[in-house]
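Colleague: Numbering (the working numbering), first residue to last: 757 to 853.
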């Protein structure tokens, strides 16, 4: 069973892929159900994603204090006098075209 040919083409499988198929064959031969195995893998992946989101939130909390001045600079408002100058500059620029 374990020595059964994996592919009709020579060099058709990578070592990693052949190893995975061999492990699946052993698992099935020992009475394991592949559907249950896949459900477990799916659950592990979801748990990893949840952990990833927690990590992102924790990183944001840690770095937000350091980066606060940059965030404030980006979110700063432009004073009304500068807004007026920009408006006039754009208006004159369009009128001269």
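Virtual Cβ for every residue (Gly too), placed ideally from N, Cα, C.
1) Could you give the distance in angstroms between the alpha-carbon of residue 838 and the alpha-carbon of residue 844?
2) Can you list, in chain order, the residues of its chain with a C-beta nearer than 6 Å to that of residue 833? Leave out the 5 residues immediately preceding and following it.
3) Since residue 790 and residue 784 are thought to touch, with beta carbons under 8 Å apart, how far apart are those beta carbons, to the nearest angstrom?
4) Grab the span of the alpha helix (DSSP H) containing residue 831 for me, first residue to last.
5) Classify residue 815 as helix, strand or coil using the three-state DSSP reduction.
Modeller: Judging by the given coordinates:
1) The alpha-carbon of residue 838 is positioned some 10 Å away from that of residue 844.
2) Here the set comprises nothing.
3) Indeed, because the Cβ distance is near 6 Å, the residues count as touching under 8 Å.
4) Per DSSP, residue 831 belongs to no alpha helix (DSSP H) and is neither H nor E.
5) DSSP places residue 815 within a helical segment (H, G or I) once states are collapsed to three.
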